[in-house]
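Here the structure comes first, spelled out in structure tokens, and everything after it is commentary.
2 protein chains.
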Amino acid sequence: MEKDEIIIQSIIDAAKKLIQQYGLSKTTMEDIAKAAGKGKSTLYYYFKSKEEIFDQVINQEMDDFFQTVKTAISKQVDASEMLKAYIITKIKTLKTKVNLYRFAIETDLHPEAINDLFIKLKNRYDNEEKKLIGSILKLGIDSKLYRAEIQAEIEILSELLVTCVRGVETEIVTHNKYKTLTDKADMLVNMLTKGIGR
Amino acid sequence: MEKDEIIIQSIIDAAKKLIQQYGLSKTTMEDIAKAAGKGKSTLYYYFKSKEEIFDQVINQEMDDFFQTVKTAISKQVDASEMLKAYIITKIKTLKTKVNLYRFAIETDLHPEAINDLFIKLKNRYDNEEKKLIGSILKLGIDSKLYRAEIQAEIEILSELLVTCVRGVETEIVTHNKYKTLTDKADMLVNMLTKGIGR
DNA sequence: AAACAGACCAAAAAACGAATATAGTCTAAA
DNA sequence: TTTAGACTATATTCGTTTTTTGGTCTGTTT
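If you read the protein sequences in the order shown, they are chains B and C.
Going by our numbering, the first residue of the first sequence is number -6, and it counts up by one from there.
Going by our numbering, the first residue of the second sequence is number -6, and it counts up by one from there.
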């Protein structure tokens, strides 16, 4: 890593820690500067605004999140197991992140600033997620696990799956129903593969 | 209808209209009284608090909502068609209600009062919805459309389906993706019955 | 009594202005 | 090139006053 990259990262890390402790709105540029052992104006040498720092913090967290899910998927042997791993890992990781930022969520959630943030994140990662699921389905077809006919509908099916998992996600995270997670994941994937019809 | 029932309903109707126009928090007891052509204290003769009036308004709307969905389901010939009708009618009806209360949602959504409301509604209707889906699945099994084995998992499967539909709901309502509604409903039910495995 | 109105009150919310904090800039020094 | 610190204009917080509002009480009409 270049020297200035190290400094940039140390600033982001300082901001990350402060956001976790105090929330977005209570974290000031001076707090960050002090925590990073720099003067405030130094931050403006590396970043053009407060928002840019926050964006980077959030992007790093999201990338980390996504990476965790991808790694879990890559360890599985077939498409159906991958889908299960996707659901379970995603929700578990979400839980730890929510826990990490639990205080920040409490203090910041009401202002609509956070709402804009969610929209930004959704636009950014929704598509990647669809593509990820799409590639798993494709793999399932190629390995003869899934019927070839679904190839034509793979796009909308991926979208549907992401949406369904998001429903499960919301249910589980907002109502603390973690016990049912693996059951639901198994059932969803079983239903998906075998169907309930006779 | 009894005379006092008529008056009670007229008060509720007045409140309903005002809530749609101005939102929960901007609708005062005096507004309601004036709109109903009564004095303020008269409202307290029929209702014990403002909250009680609002609860009744919301309950009526929810019952109406639920009734619309049930009616649509009852017109279908088999379980799978019922499930499709459930998804489509629910989301369409939701859309019209959201539209009706669009202004109220705008002005009221931030305060956490509305959050408590959602929790109340969820607790109240979630279970009814699960039972509804459960009964459709049961019907599907009885009519040999669905495999008998799923009988054992009917509870958790209903819960899963409600959750998935809620995901689709959120996606469609918050991102105005109404065009994809019937496609998604068809695909979800097809996936559910036939599965994608080979 | 049943159904209502209007004055009334305490408590909550809105309005307002002063004090404070904060994002971002500028200048200069290391 | 990198950093600090003083500086400013704007946004936020905070304490105070004023207004609004849910709810009660008293009394009047039906």
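Where a beta carbon is used, it is the ideal one built from N, C-alpha and C, also for glycine.
> By Cβ distance, which residues of its chain are closer than 8 Å to I129 of chain B, with the 5 residues on each side in sequence left out?
Replying inline: In the first sequence, the residue the question calls residue 129 of chain B occupies position 136. Cβ within range, chain order: I66, A72, M75, L76 and Y79.
>> For Y139 of chain B, list the residues DSSP reports as bridge partners.
In response: Counting from 1 along the first sequence, the entry for residue 139 of chain B is found at position 146. Per DSSP, C:G190.
> chain C beta carbons: is any one of them nearer than 8 Å to that of T61 of chain B?
Replying inline: Working through the first sequence from its first residue, we reach residue 61 of chain B at position 68. Output row for T61 of chain B: interface = no.
> Is D176 of chain C close to chain B, meaning its C-beta is less than 8 Å from at least one C-beta of that chain?
Replying inline: Position 183 of the second sequence, counting from 1, holds the residue named residue 176 of chain C. Chain B, which has a Cβ nearer than 8 Å to the Cβ of D176 of chain C, makes this yes.
>> I'd like to check one pair, G188 of chain B with K90 of chain C: are the Cβ atoms closer than 8 Å?
In response: Reading the second sequence from its first residue, position 97 is the one you call residue 90 of chain C. Reading the first sequence from its first residue, position 195 is the one you call residue 188 of chain B. Not a contact, by the Cβ cut-off of 8 Å.
> Can you find a CB in chain B that lies within less than 8 Å of the CB of E148 of chain C?
Replying inline: If you number the second sequence from 1, residue 148 of chain C lands on position 155. Chain B, which has no Cβ nearer than 8 Å to the Cβ of E148 of chain C, makes this no.
> Could you give the C-beta distance for I84 of chain C and E162 of chain C, rounded to a whole number, given that I count them as a contact under 8 Å?
Replying inline: Taking the second sequence and counting its residues from 1, one reaches residue 84 of chain C at position 91. Taking the second sequence and counting its residues from 1, one reaches residue 162 of chain C at position 169. I84 of chain C to E162 of chain C, Cβ: 6 Å. Contact.
>> Within a Cβ cutoff of 8 Å, which residues of the same chain sit near C157 of chain B, ignoring the five residues on either side of it in sequence?
In response: Against the first sequence, residue 157 of chain B aligns to sequence position 164. Cβ within range, chain order: L181.
>> In this structure, how does DSSP classify T21 of chain B when only helix, strand and coil are distinguished?
In response: For the purposes of this step, residue 21 of chain B is taken as the residue at position 28 of the first sequence. The answer is coil: DSSP assigns T21 of chain B none of H, G, I, E or B.
>> Could you tell me the alpha carbon to alpha carbon distance between V155 of chain B and A97 of chain C, rounded to whole angstroms?
In response: Position 162 of the first sequence, counted from the first residue, corresponds to residue 155 of chain B. Position 104 of the second sequence, counted from the first residue, corresponds to residue 97 of chain C. Distance between the alpha carbons of V155 of chain B and A97 of chain C is about 30 Å.
> For E148 of chain C versus G127 of chain C, is the C-beta distance shorter than 8 Å?
Replying inline: Counting from 1 along the second sequence, the entry for residue 148 of chain C is found at position 155. Counting from 1 along the second sequence, the entry for residue 127 of chain C is found at position 134. Going by C-beta atoms, E148 of chain C is nearer than 8 Å to G127 of chain C.
> In its own chain, which residues sit with a C-beta less than 7 Å from the C-beta of Y94 of chain B, not counting the 5 before and 5 after it?
Replying inline: Locating residue 94 of chain B in the first sequence gives position 101, where the first residue counts as 1. Answer for Y94 of chain B: Q13, listed in chain order.
> Within the chosen definition, does the segment 110 to 120 of chain C reach the segment 28 to 39 of chain C through at least 3 CB pairs nearer than 8 Å?
Replying inline: no
> Count the other CB atoms within 10 Å of the CB of M184 of chain C; is the residue buried (16 or more) or exposed (fewer)?
Replying inline: If you number the second sequence from 1, residue 184 of chain C lands on position 191. So M184 of chain C counts as buried.
>> Which runs of the alpha helix (DSSP H) at least 4 residues long sit entirely within the segment 18 to 72 of chain C? Give them in chain order.
In response: 22 to 28, 33 to 39 and 43 to 67
>> Could you check whether the Cβ of E164 of chain C sits closer than 8 Å to any Cβ belonging to chain B?
In response: Here residue 164 of chain C corresponds to residue number 171 of the second sequence, with the count starting at 1. Answer yes: the Cβ-Cβ gap between E164 of chain C and chain B drops below 8 Å somewhere.
> What is the rounded straight-line gap between the Cα of V50 of chain C and the Cα of S18 of chain C?
Replying inline: The residue you call residue 50 of chain C lines up with position 57 of the second sequence. The residue you call residue 18 of chain C lines up with position 25 of the second sequence. In a straight line, the C-alpha of V50 of chain C is about 14 Å away from that of S18 of chain C.
> With a Cβ-Cβ cutoff of 8 Å, do I81 of chain C and L174 of chain C count as a contact?
Replying inline: On the second sequence, position 88 is the one that residue 81 of chain C refers to. On the second sequence, position 181 is the one that residue 174 of chain C refers to. Contact flag set, yes.
>> Please identify the residue among C:G133, C:S42, C:L150 and C:Q69 whose C-alpha is closest to the C-alpha of E122 of chain C.
In response: Counted from its first residue, the second sequence places residue 122 of chain C at position 129. The option with the nearest alpha carbon to E122 of chain C is C:L150.
>> As a quick exercise: from B:D6, B:R159 and B:K88, pick the residue whose alpha carbon is nearest that of T61 of chain B.
In response: For the purposes of this step, residue 61 of chain B is taken as the residue at position 68 of the first sequence. Ranking the options by Cα distance to T61 of chain B, first place goes to B:K88.
> Under the three-state reduction of DSSP, which class applies to K124 of chain B: helix, strand or coil?
Replying inline: The residue labelled residue 124 of chain B in the question sits at position 131 within the first sequence. DSSP places K124 of chain B in helix when its eight states are reduced to three.
> What's the gap between the Cα of D48 of chain B and the Cα of G32 of chain B?
Replying inline: Here residue 48 of chain B is taken as the residue at index 55 of the first sequence, counted from 1. Here residue 32 of chain B is taken as the residue at index 39 of the first sequence, counted from 1. Cα to Cα, D48 of chain B sits roughly 21 Å from G32 of chain B.
>> Less than 8 Å between the beta carbons of I4 of chain C and L36 of chain C, yes or no?
In response: Looking up residue 4 of chain C in the second sequence gives position 11. Looking up residue 36 of chain C in the second sequence gives position 43. Closer than 8 Å, so yes.
> Does T100 of chain B have its Cβ less than 8 Å from a Cβ in chain C?
Replying inline: On the first sequence, position 107 is the one that residue 100 of chain B refers to. Judged by the 8 Å Cβ criterion, T100 of chain B is not in contact with chain C.
> What residues of chain C sit near V161 of chain B, judged by a beta carbon separation below 8 Å?
Replying inline: Your numbering for residue 161 of chain B matches position 168 in the first sequence. What V161 of chain B touches in chain C: L153, T156, C157 and G160.
> So the alpha helix (DSSP H) Q144 of chain B belongs to, where does it begin and stop?
Replying inline: Position 151 of the first sequence holds residue 144 of chain B. No alpha helix (DSSP H) contains Q144 of chain B, which DSSP labels as neither H nor E.
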